[in-house]
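Asks: Dropping a structure here in structure tokens format, bear with me for questions.
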Amino acid sequence: DSGVTQTPKHLITATGQRVTLRCSPRSGDLSVYWYQQSLDQGLQFLIQYYNGEERAKGNILERFSAQQFPDLHSELNLSSLELGDSALYFCASSVAADYEQYFGPGTRLTVT
Amino acid sequence: ELKVEQNPLFLSMQEGKNYTIYCNYSTTSDRLYWYRQDPGKSLESLFVLLSNGAVKQEGRLMASLDTKARLSTLHITAAVHDLSATYFCAVDHPGTYKYIFGTGTRLKVLA
């Protein structure tokens, strides 16, 4: 158990819908990262937050947004969902940049 | 654009044998990370390599970093079945805080 929690574990929704994925980092970690893992695209870095502020954006679509709240938990919002958004979404946390990241168990999103 | 390539993509090896997984990256970076992922599971951090020449070992796994060659290796010594997993290397894009993962190497150790 990495100490990072993600909810829900599984999510099935229809195209065009909007969903919110939630992540709680390890106690004391200030950095939160979001990743998407799919068979065709591999593991893609989406976005990083540090102590509530956005620090870096990766391959995150405009339909996706995220935020980190004052209690350091983070949410990833996915809207106008398409079939191709079906994937595993991981959250990770670290004390700061350059430190190892601890990954949560992931949320498996299926868009039908 | 930073690219990270791993080879081989698939590796099937006998127990007791040694092998090396290679991770090449295209842009200067002083930091490289290795992760392990079991089927259907999350990623587990194995090593963090923070400088040229860094070498870290844990059990049958040893990782090294050559920043001049932009190459990291993950060496497996006397493989055992429990090492079967997918191994990823990742590099952070200098100055951007973005992380680029390699394609992964799926390792299968045969008894």
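Residue numbers (the working numbering), protein chains in the order written: chain A, 1068 to 1179; chain B, 34 to 144.
Ideal Cβ placement from N, Cα and C applies to all residues, glycine included.
Quick one: what does DSSP say Leu-1150 (chain A) is sitting in, helix, strand or coil?
Replies: Start at 1 with the first residue of the first sequence, and residue 1150 (chain A) comes out as number 83. DSSP places Leu-1150 (chain A) in helix when its eight states are reduced to three.
Asks: Counting pairs of beta carbons, one from the region 39-53 of chain B and one from the region 1151-1162 of chain A, are three or more of them closer than 8 Å?
Replies: no
Asks: Have a look at Pro-1075 (chain A) and Asn-1144 (chain A) and give me their C-alpha separation to the nearest angstrom.
Replies: Here the question's residue 1075 (chain A) lines up with position 8 in the first sequence. Here the question's residue 1144 (chain A) lines up with position 77 in the first sequence. Using only the alpha carbons, I get a separation of about 13 Å.
Asks: Enumerate in chain order the residues of its own chain whose CB-to-CB distance from Ser-1111 (chain A) is below 7 Å, with the five nearest sequence positions on each side excluded.
Replies: Taking the first residue of the first sequence as 1, we reach residue 1111 (chain A) at position 44. In the sequence under discussion, the amino acid at residue 1111 (chain A) is Gln, which differs from the Ser named in the question. Taken in chain order, the residues that qualify are Tyr-1102, Gln-1103, Gly-1125 and Asn-1126.
Asks: Rounding to the nearest angstrom, what Cα-Cα distance links Ala-1081 (chain A) and Thr-1179 (chain A) in this structure?
Replies: Counting from one through the first sequence, the residue named residue 1081 (chain A) turns up at place 14. Counting from one through the first sequence, the residue named residue 1179 (chain A) turns up at place 112. The alpha-carbon atoms of Ala-1081 (chain A) and Thr-1179 (chain A) are separated by roughly 5 Å.
Asks: Could you say which of A:Ser-1105, A:Arg-1130 and A:Gly-1095 lies nearest to Ala-1163 (chain A) if we only look at CA atoms?
Replies: Counting from 1 along the first sequence, the entry for residue 1163 (chain A) is found at position 96. Checked all of A:Ser-1105, A:Arg-1130 and A:Gly-1095; the closest Cα to Ala-1163 (chain A) is A:Gly-1095.
Asks: Counting only C-beta atoms, is Val-81 (chain B) closer than 8 Å to chain A at any point?
Replies: Here residue 81 (chain B) refers to the residue found at position 48 when the second sequence is read from its first residue. It does: the Cβ of Val-81 (chain B) has a partner Cβ on chain A nearer than 8 Å.
Asks: Does any residue of chain A have a CB that is nearer than 8 Å to the CB of Thr-136 (chain B)?
Replies: If you number the second sequence from 1, residue 136 (chain B) lands on position 103. Cβ-Cβ to chain A under 8 Å: yes for Thr-136 (chain B).
Asks: Based on the DSSP output, what are the partners of Asn-40 (chain B) in its beta bridges?
Replies: The residue you call residue 40 (chain B) lines up with position 7 of the second sequence. In the DSSP output, where bridge partners are listed per residue, Asn-40 (chain B) has B:Tyr-55.
Asks: How about the region 58-70 of chain B and the region 109-123 of chain B: do they share at least three Cβ pairs that are nearer than 8 Å?
Replies: yes
Asks: Just to confirm, are Ala-1123 (chain A) and Thr-129 (chain B) a CB contact at a threshold of 8 Å?
Replies: Your numbering for residue 1123 (chain A) matches position 56 in the first sequence. Your numbering for residue 129 (chain B) matches position 96 in the second sequence. A contact, by the Cβ cut-off of 8 Å.
Asks: Apply the 10 Å Cβ neighbour rule to His-126 (chain B) and answer buried if 16 or more other Cβ atoms are within range, or exposed otherwise.
Replies: Locating residue 126 (chain B) in the second sequence gives position 93, where the first residue counts as 1. Its Cβ being crowded by 16 or more others within 10 Å, His-126 (chain B) is buried.
Asks: Rounded to the nearest angstrom, how far is the Cβ of Ser-1160 (chain A) from that of Val-1071 (chain A), given a contact under 8 Å?
Replies: Residue 1160 (chain A) sits at position 93 when you count from the first residue of the first sequence. Residue 1071 (chain A) sits at position 4 when you count from the first residue of the first sequence. Contact holds; Cβ gap of about 5 Å.
Asks: May I ask you to report which of helix, strand or coil DSSP gives His-1140 (chain A)?
Replies: For this step, residue 1140 (chain A) is matched to residue 73 along the first sequence. Coil.
Asks: Output needed in chain order: residues of the region 109-133 of chain B with a Cβ under 9 Å from some Cβ in chain A.
Replies: Phe-121, Ala-123, Asp-125, His-126, Thr-129, Tyr-130, Lys-131, Tyr-132 and Ile-133
Asks: Of the residues that make up the region 1118-1131 of chain A, which ones have a beta carbon closer than 7 Å to any beta carbon in chain B?
Replies: Arg-1122, Ala-1123 and Gly-1125
Asks: Where Gly-1109 (chain A) and Thr-136 (chain B) are concerned, what is the direct C-alpha to C-alpha distance, given to the nearest angstrom?
Replies: As a working mapping, residue 1109 (chain A) is identified with position 42 in the first sequence. As a working mapping, residue 136 (chain B) is identified with position 103 in the second sequence. Gly-1109 (chain A) and Thr-136 (chain B): Cα-Cα distance of roughly 6 Å.
Asks: Helix, strand or coil: how does DSSP classify Glu-1106 (chain A) here?
Replies: Walking along the first sequence from the start, residue 1106 (chain A) turns up at place 39. At residue 1106 (chain A) the sequence reads Leu, which differs from the Glu that was named. In this structure, Leu-1106 (chain A) counts as coil in the three-state DSSP scheme.
Asks: Could you give the C-beta distance for Gln-1115 (chain A) and Ser-1098 (chain A), rounded to a whole number, given that I count them as a contact under 8 Å?
Replies: Within the first sequence, residue 1115 (chain A) is the residue found at index 48, counting from 1. Within the first sequence, residue 1098 (chain A) is the residue found at index 31, counting from 1. About 6 Å; that satisfies the 8 Å criterion.
Asks: What residues of chain A sit near Arg-64 (chain B), judged by a beta carbon separation below 7 Å?
Replies: Position 31 of the second sequence, counted from the start, is the residue given in the question as residue 64 (chain B). What Arg-64 (chain B) touches in chain A: Asp-1165.
Asks: Identify, in the order they occur along the chain, each residue of the same chain with its Cβ nearer than 7 Å to the Cβ of Gly-1173 (chain A), setting aside the five sequence neighbours on each side.
Replies: Walking along the first sequence from the start, residue 1173 (chain A) turns up at place 106. Closer than 7 Å at Cβ, skipping near neighbours: Gln-1073, Leu-1155, Tyr-1156 and Phe-1157.
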